[in-house]
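Residue numbers (this note's numbering): 1 to 378. Only one structure is covered here, and it is reproduced in the block below.
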Amino acid sequence: MCNTADVVIVGGGVIGCATAYYLTKMGKSVIVLEASDNIGNGGSSRNGGGVRQSGRDPRELPLAMYGIENLWPGLSEELGVDCEYHKQGNLRLGKTEAHLKILQGLTDRARAVGLDVRMIDAEEVKKINPHLSDEVIGASWCPTDGHANPMVTTLAFYKKARELGARFITGAKVERLRKVCGRICQVITEDAVYEGDFVMVAAGYESREILATVGLDVPMHQELMECLVTEAEPEMFPQMLGTAEADFYGHQTDHGSFVFGGSSGLELNNKDEGAKNAPGNSAITAPCICRGIMKYFPELEDAKIVRTWAGYLDVCQDGVPVLGMTDEVPGLVIACGFTGHGFGIAPAVGEQLARLMIDGKTDVDISGLAYGRFKAKI
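This is the structure in structure tokens:
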């Protein structure tokens with residue numbers, strides 16, 4: 001088989017699959033290398049499915065807004081698969097004055113960038129979602145946020161990219177990158193060498209080790225995040241939920257089950273372990289998440305948990321991803337460090353990075369997410 005393409009993508013998660021789709025749609029040849037035996041085996045299939053703009057850093061908010069306005073509404077039809085996308089708002093909940101102060105700060109920064117988000121009081125919260133407990137005294141409300149099914153969406157991008165000619169190779173762990181005449185050109189695995197005009201690294205935390213082979217270091221670490229799924233419940237609410245302290249988040253699926261993610265406070269004990277060990281569930285975390293949920297939604301007290309899963313976040317030092325090309329290594333495109341909120345912006349990231357490689361520019365300003373932001377200021 002030919003091991004040469006216009007673009008070689010390292011990483012078969014939702015970012016790699018989305019970028020492969022948009023590149024092939026624009027007429028480019030693509031090879032995607034995935035280290036595991038399964039597409040979407042990392043965070044792409046282990047997340048809460050949020051498609052939100054609220055609560056984001058202003059540097060990545062334009063990508064989220066662009067995707068929700070231009071890509072998500074027609075994505076299921078475009079990919080030929082129901083991604084279970086719902087655009088019915090996001091409540092970010094607060095139970096204390098300290099919580100409301102956090103939410104007000106997030107709201108003010110988002111409104112400054114042009115997002116339609118506002119603070120609401122307990123009475124309005126209850127009108128939007130009458131199932132919440134009386135402990136909730138306020139929230140931020142973004143009516144254009146929503147949620148989707150991450151596993152279905154990832155595989156839909158994969159399927160459509162393959163239909164358009166992208167070649168996916170699983171079990172292909174990348175050992176190193178190689179420059180030729182100063183420009184990135186080759187991706188080397190144990191069994192083969194792949195060549196492209198551009199190389200994109202979108203391999204989650206493992207991107208750090210891969211990028212180090214050409215002298216780059218993205219400052220990030222891993223943190224364990226766990227999710228749980230309940231049995232199917234009667235339809236209760238369509239909104240995506242979060243909290244001021246981000247201690248839990250979730251939504252009700254089309255099936256009727258609830259998907260909730262959260263933390264136990266012990267995640268830092270798992271820093272940097274994911275590259276060596278498969279993610280494992282903790283007997284402590286699920287009960288911690290459930291106790292928090294019951295304080296917000298007493299009606300779910302008797303809901304049965306049918307399964308749980310765990311996955312590692314690639315947490316960037318300043319909380320936003322590293323995206324785009326680098327001055328240090330021409331031809332190299334970076335897409336990692338998504339810090340647990342990459343799924344919602346994946347279509348926008350994939351489309352914009354495809355445009356960057358083809359046209360040399362993006363429609364959305366991603367300069368604040370460049371690798372160069374970590375350079376020492378002289």
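Each residue gets a CB set at the ideal place from its N, CA and C atoms; glycine is no exception.
Asparagine 149, DSSP secondary structure in three states:
In the structure shown, asparagine 149 sits in coil (DSSP, three-state: anything other than H, G, I, E or B).
Compute the distance between the beta-carbons of phenylalanine 343 and serine 133, then report whether it is under 8 Å.
No. Outside cutoff.
Going by C-alpha distance, which of Gly50, Trp72, Pro73 and His86 is nearest aspartate 254? Minimum Cα distance to aspartate 254 is reached at His86.
Need the endpoints of the beta strand (DSSP E) that alanine 112 sits in, please. Where alanine 112 is concerned, there is no enclosing beta strand (DSSP E), although the alpha helix (DSSP H) it sits in stretches over 97-112.
Please state the DSSP three-state secondary structure of methionine 65.
Secondary structure of methionine 65 (DSSP, three-state): helix.
Original post:
Are the segment 20-35 and the segment 161-177 touching, with three or more C-beta to C-beta distances below 8 Å?
Top reply: Contact between the segment 20-35 and the segment 161-177 is present, because at least three Cβ pairs lie under 8 Å.
Task: Cα-Cα separation between tryptophan 141 and alanine 335, rounded to whole angstroms - done: Going by the C-alpha atoms only, they are around 29 Å apart.
Measure the CB-CB distance between glutamate 226 and glycine 261 and report whether it falls below 8 Å. In this structure, the beta-carbon distance from glutamate 226 to glycine 261 falls below 8 Å.
| On the three-pair Cβ rule with 8 Å, is the segment 97-115 touching the segment 49-63? | Judged by Cβ distances under 8 Å, the segment 97-115 makes contact with the segment 49-63, as three or more pairs qualify.
- Message: Per DSSP, what are the beta-bridge partners of tyrosine 249 in this structure?
- Response: Its beta-bridge partners are Gly261.
What's the call for isoleucine 15, buried or exposed, on a 16-neighbour Cβ count within 10 Å? When all chains shown are included, isoleucine 15 counts as buried.
query = Looking at the unbroken alpha helix (DSSP H) that takes in glycine 292, where does it start and where does it end?
reply = 285-296 is the extent of the alpha helix (DSSP H) around glycine 292.
Backbone secondary structure at glutamine 352 - three-state DSSP: Glutamine 352 sits in a helix when the DSSP states are folded into three classes.
query = To the nearest whole angstrom, what separates the beta carbons of isoleucine 366 and leucine 323, a pair I think is in contact under 8 Å?
reply = About 5 Å separates the Cβ atoms of isoleucine 366 and leucine 323, confirming a contact at the 8 Å cut-off.
Environment of arginine 307 [buried if 16+ CB atoms lie within 10 Å]:
Exposure of arginine 307 is indicated by the presence of fewer than 16 other C-beta atoms within 10 angstroms of its C-beta.
* Can you check DSSP and say which residues form a bridge with glutamine 186? => Beta-bridge pairing links glutamine 186 to Arg178 and Glu195.
Rounded C-alpha distance that separates alanine 192 from glycine 12:
Their backbone Cα atoms lie some 17 Å apart in a straight line.
### Message
Nearest by alpha-carbon distance to alanine 202: which of Glu190, Glu223, Lys173 and Val229 is it?
### Response
Residue Lys173 is the option with its Cα nearest to alanine 202.
> Which parts of the segment 4-44 are runs of the alpha helix (DSSP H), unbroken and 4 residues or longer, counting only runs that do not cross its ends?
Replying inline: Runs of the alpha helix (DSSP H) inside the segment 4-44: 14-25.
Local Cβ density within 10 Å of glutamate 97, reported as buried at 16 or more and exposed below that: Around the C-beta of glutamate 97, fewer than 16 other C-beta atoms lie within 10 Å, and the residue is accordingly described as exposed.
Mark lysine 127 as exposed unless 16 or more other C-beta atoms lie within 10 angstroms of its C-beta, in which case mark it buried. Burial call: exposed.
Next on the checklist: What does the Cβ neighbour count give for valine 180, buried or exposed, with the cut at 16 atoms within 10 Å?
Outcome noted: Looking at its Cβ environment, which holds fewer than 16 other Cβ atoms inside 10 Å, valine 180 is exposed.
Can you tell me whether lysine 271 is buried or exposed? The criterion is at least 16 other CB atoms within 10 Å of its CB, across all chains shown. For lysine 271, the pLDDT reaches just 49, beneath the cut-off of 50, and the residue's location in the model is therefore unreliable, leaving the point undetermined.
Determine contact between the segment 211-225 and the segment 109-126, defined as no fewer than three beta-carbon pairs at a distance below 8 Å.
-> With the rule of 3 Cβ pairs closer than 8 Å, the segment 211-225 does not count as touching the segment 109-126.
Assign arginine 183 to one of two classes, buried (16 or more other C-beta atoms within 10 Å of its C-beta) or exposed (fewer than that).
By the 10 Å Cβ count, arginine 183 comes out exposed.
**Asked** By a C-beta neighbour count over all protein chains shown, 10 Å radius and 16 as the cutoff for buried, is arginine 291 buried or exposed?
**Response** Exposed, because fewer than 16 other Cβ atoms sit within 10 Å of the Cβ of arginine 291.
Discussion item. From the DSSP secondary-structure annotation, give me the bridge partner or partners of threonine 339.
Written reply: DSSP output for threonine 339 lists no bridge partner at all.
*Does the distance from the C-beta atom of phenylalanine 258 to that of glutamate 235 stay below 8 Å?*
The answer is no: Cβ separation not under 8 Å.
First and last residue of the beta strand (DSSP E) that includes alanine 122?
DSSP places alanine 122 outside any beta strand (DSSP E); the residue lies instead in the alpha helix (DSSP H), whose first and last residues are 122-128.
Comparing alpha-carbon positions, which option in Phe157, His147 and Met220 lies nearest glutamine 252? It is His147 whose Cα lies nearest to the Cα of glutamine 252.
Discussion item. Rounded to whole angstroms, what is the Cα-Cα separation between cysteine 237 and asparagine 129?
Written reply: Residue identity check: residue 237 is phenylalanine in the sequence provided, not cysteine. About 7 Å.
Q.
I need the DSSP call for serine 140, collapsed to helix, strand or coil.
A. It is a strand residue.
* Go ahead and pull the three-state DSSP assignment for glutamate 163. => In this structure, glutamate 163 counts as helix in the three-state DSSP scheme.
Neighbour-count burial assignment, glycine 274, 16 or more Cβ in a 10 Å radius
With a pLDDT of 45 at glycine 274, under the threshold of 50, the predicted position of this residue should be treated as unreliable, and no value is reported.
(request) With DSSP as the reference, please indicate the residues paired to leucine 93 in a beta bridge. (result) Note: leucine 93 is bridge-paired with Ala139 and Thr243 in the DSSP secondary-structure output.
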